[in-house]
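Numbering (this note's numbering), first residue to last: 72 to 293. Down below is the structure, laid out as structure tokens.
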Ligand code: IPE
Ligand code: MG
């Protein structure tokens with residue numbers, strides 16, 4: 072979800088106004104996705120590198136997240152949305168971690184769609200945690216290094232028991248992955264759009280899914 076700041080700048084508004092509009096775009100995407108047959112929607116809300124932003128913007132983003140969760144969880148639950156969170160949650164404020172736990176617990180049996188929020192998430196951090204866990208198990212003698220395979224790694228990723236993404240959308244004209252699901256997106260179809268995230272709407276998501284439908288996926292086969 073990229074382009075909130077530029078959306079605000081174009082209108083001579085503070086960046087926070089762009090982030091607020093970004094939350095509206097989140098609401099739209101979460102409403103639209105199930106109607107397109109999307110089973111899992113993962114939103115990159117805050118990266119492990121976003122801490123480099125000025126403290127007031129970090130605090131605005133955390134405040135919006137807190138507000139979004141407090142005000143939307145009941146509605147998401149009513150709509151059959153299951154919530155999951157990926158990233159190093161231990162790096163977030165305790166009250167937020169409690170909220171995340173409550174949201175995941177309340178919605179755990181919902182089946183309409185899984186909404187995954189990536190918070191303090193970065194693939195390098197995630198994979199580093201996996202490697203540390205594997206090395207510790209090997210050292211303790213509970214894991215044979217020769218037995219480490221892709222499944223052993225996947226079982227320790229934050230996305231354990233979630234399918235790999237089929238489609239990855241990046242907004243705002245940037246064409247990079249920015250440390251997002253690097254392992255999991257090995258065969259994801261990439262869609263880049265110039266639209267800024269606050270402008271992203273049902274038609275934008277539908278267009279991306281339509282583009283996805285035209286791709287010939289071979290997974291290295293022929
Ligand atoms: C939203 O867009 C990204 C986050 C939620 C952290 P940006 O804040 O990166 O917007 P631009 O790139 O400055 O336009
Ligand atoms: Mg950006």
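Glycine included, C-beta positions come from ideal geometry on N, C-alpha and C.
Q: State the beta-bridge partners of residue 152 as determined by DSSP.
A: DSSP output for residue 152 lists 184 as bridge partner(s).
Q: List the endpoints of the continuous alpha helix (DSSP H) containing residue 275.
A: Segment 273-284, the alpha helix (DSSP H) holding residue 275.
Q) Is it true that the region 139-146 meets the region 207-220, where meeting means three or more beta-carbon pairs spaced less than 8 Å apart? A) Short answer: they don't touch.
(Q) Threshold first: 4 residues or longer. Then list the alpha helix (DSSP H) segments lying entirely within the region 188-226, N to C. (A) List check, alpha helix (DSSP H) in window: 194-211 and 221-225.
Q. Can you tell me where the alpha helix (DSSP H) with residue 101 in it begins and where it stops?
A. Its alpha helix (DSSP H) spans residues 86-106.
Q | For residue 48, the nearest candidate out of 159, 212 and 246 (CA to CA) | A | Residue numbering for the chain in the displayed model covers 72 to 293; residue 48 lies beyond these limits and cannot be assessed.
Q: From the DSSP output, in three-state form, read off residue 144 for me.
A: Reduced to three states, the DSSP call for residue 144 is helix.
Q) Hey, quick one: how far does the alpha helix (DSSP H) through residue 79 stretch, first residue to last? A) Here the alpha helix (DSSP H) through residue 79 covers 75-81.
(Q) Which residue marks the beginning of the alpha helix (DSSP H) containing residue 231, and which one marks its end? (A) It is not in any alpha helix (DSSP H) - residue 231 carries neither H nor E in the DSSP assignment.
Q | Extent of the continuous alpha helix (DSSP H) run through residue 176 | A | For residue 176, the enclosing alpha helix (DSSP H) covers residues 165-177.
**Q.** Three-state secondary structure assigned by DSSP to residue 126
**A.** The answer is helix: DSSP assigns residue 126 an H, G or I state.
(Q) the ligand IPE and residue 83: does the residue's C-beta get closer than 8 Å to at least one heavy atom of that ligand? (A) Incorrect: residue 83 has no Cβ contact closer than 8 Å to the ligand IPE.
Q. Is residue 160 helix, strand or coil by DSSP?
A. Of the three classes helix, strand and coil, the one that applies to residue 160 here is helix, per DSSP.
Q) According to DSSP, what are the bridge partners of residue 240? A) Per the DSSP secondary-structure output, residue 240 pairs in a beta bridge with 262.
Q: Can you tell me which of the three DSSP states residue 139 falls into?
A: The answer is helix: DSSP assigns residue 139 an H, G or I state.
Q.
At a cut-off of 8 Å, would you count residue 265 as near the ligand MG, judging by its Cβ distance to the nearest heavy atom?
A. No; taking the cut-off as 8 Å, the Cβ of residue 265 has no heavy atom of the ligand MG nearer than that.
Q.
Is residue 223 close to chain C? Criterion is C-beta to C-beta, closer than 9 Å.
A. This model lacks chain C altogether; it includes just one protein chain.
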